[in-house]
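The numbering used here puts the first residue of the sequence shown at 2, with every later residue one more than the last.
Heads up, the beta-carbon is just placed ideally off N, CA and C, and yes, glycines get one too.
Please read all numbers here as calculations on a predicted model, not as lab measurements.
To start, the structure itself, in structure tokens.
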Amino acid sequence: MRHKAGLHYDNHKGMAVTVHLKDIVEVLELQFDEHPSFLDLDTGKVETVSVDLLRKAEAPGDEEPDLPEWQKPEWEIAKRIVSTDRFLKLPTEHDVHEWDIMQDFADSRTSARIREELLEAIHGSGAFRYFKSITRRRGLETAWYEFRSQALRQIAVEWCEENQVAWA
Numbered sequence: 002m003r004h005k006a007g008l009h010y011d012n013h014k015g016m017a018v019t020v021h022l023k024d025i026v027e028v029l030e031l032q033f034d035e036h037p038s039f040l041d042l043d044t045g046k047v048e049t050v051s052v053d054l055l056r057k058a059e060a061p062g063d064e065e066p067d068l069p070e071w072q073k074p075e076w077e078i079a080k081r082i083v084s085t086d087r088f089l090k091l092p093t094e095h096d097v098h099e100w101d102i103m104q105d106f107a108d109s110r111t112s113a114r115i116r117e118e119l120l121e122a123i124h125g126s127g128a129f130r131y132f133k134s135i136t137r138r139r140g141l142e143t144a145w146y147e148f149r150s151q152a153l154r155q156i157a158v159e160w161c162e163e164n165q166v167a168w169a
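And the structure:
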């Protein structure tokens with residue numbers, strides 16, 4: 002597996018709470034650059050917040066932004082993330098390297114023809130779409146999603162171990 006997954010938001014020396022690995026894997030499956038996720042070391046809960054709110058929370062001053070009611074809980078979380086050391090940033094889509102997972106899946110195929118077709122698909126523009134189209138056409142879609150899920154689970158396990166986070 003080719004990836005890099007240990008990112009600290011602040012220094013951390015281990016924790017007593019146990020995180021549910023499935024919560025981390027779910028975040029890894031649906032990542033967006035503008036909404037990073039963090040593990041709350043006090044609760045074991047995974048929190049996702051917008052980059053915009055994190056920037057506002059980091060800005061000097063005590064001015065509260067004018068937010069709609071539905072965004073106020075996220076604002077409170079953003080303020081805790083930037084003002085305490087109880088949060089660890091989870092791996093982002095740039096740490097997960099989806100392309101490497103697709104290459105590993107292609108390399109795992111026993112049919113040389115399918116392996117080559119998948120490896121060719123991941124090069125050039127539209128690689129993700131083309132790769133998924135081939136897995137669907139070749140009846141490998143379920144196998145791909147299972148493989149991807151296991152790869153993300155392994156990334157989550159390694160991240161927990163690197164950060165001394167207990168998981169179940």
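Which residues DSSP lists as bridging residue i, in chain order
i	result
PHE106	Per DSSP, none; premise fails for PHE106.
LYS1	The structure shown does not extend to residue 1, since the chain is modelled only from 2 through 169, so no value can be given for it.
TRP168	VAL20
Residue nearest to residue i in terms of C-alpha spacing, selected from the options
i	options	result
SER51	LYS90, GLU30, ILE25 and THR44	LYS90
SER134	ILE115, ALA152, SER150 and GLN151	ILE115
ASN164	PHE39, GLY140 and GLY127	PHE39
PHE148	ASP101, ASP96 and ASP67	ASP101
SER109	GLN32, LEU141, ARG154 and GLY45	LEU141
GLN61	LYS80, THR49, GLU48 and GLN72	The question names Gln, but residue 61 in the sequence shown is Pro. Looking at the Cα atoms, LYS80 is the closest of the given residues.
GLN32	GLU48, ARG137 and ALA17	GLU48
TRP76	ILE25, HIS36, TYR131 and ALA122	HIS36
HIS124	ARG138, SER112, MET103 and ALA144	MET103
SER150	ALA17, VAL18 and VAL26	VAL26
ALA128	THR111, LEU54, ALA107 and LEU22	ALA107
ALA152	THR44, ARG138, VAL97 and PHE132	VAL97
Backbone CA spacing between residue i and residue j [nearest angstrom]
i	j	result
ALA157	GLU94	13 Å
LYS57	THR85	15 Å
SER126	GLU117	17 Å
GLU65	PRO92	29 Å
ALA169	GLU99	24 Å
TYR131	ALA144	16 Å
VAL18	ASP41	9 Å
Spatial neighbours of residue i in its chain, beta-carbon cut-off 6 Å, leaving aside the 5 residues before and after
i	result
ASP34	none
ALA167	THR19
Beta-carbon proximity list for residue i, same chain, < 7 Å, skipping 5 on both sides
i	result
ASP24	VAL47
GLU30	LEU153
Proximity test, residue i beta-carbon vs the ligand ZN heavy atom, cut-off 6 Å
i	result
SER150	Because no ligand of any kind appears in the structure shown, any question about the ligand ZN cannot be addressed here.
Residues near residue i by beta carbon distance below 8 Å, same chain, minus five either side
i	result
THR44	VAL18
HIS9	Caution is warranted here: a pLDDT of 40 is assigned to HIS9, below 50, making its placement in the model unreliable, and the coordinate value is therefore given only provisionally. Result list for HIS9: LEU89, LYS90 and ASN164, in chain order.
In the region 8 to 54, which residue ranges form an unbroken beta strand (DSSP E) of at least 3 residues, counting only runs that do not cross its ends? 38 to 41 and 47 to 49
At 4 residues or longer, what runs of the alpha helix (DSSP H) sit wholly inside the region 99 to 154? 99 to 109, 113 to 122 and 128 to 138
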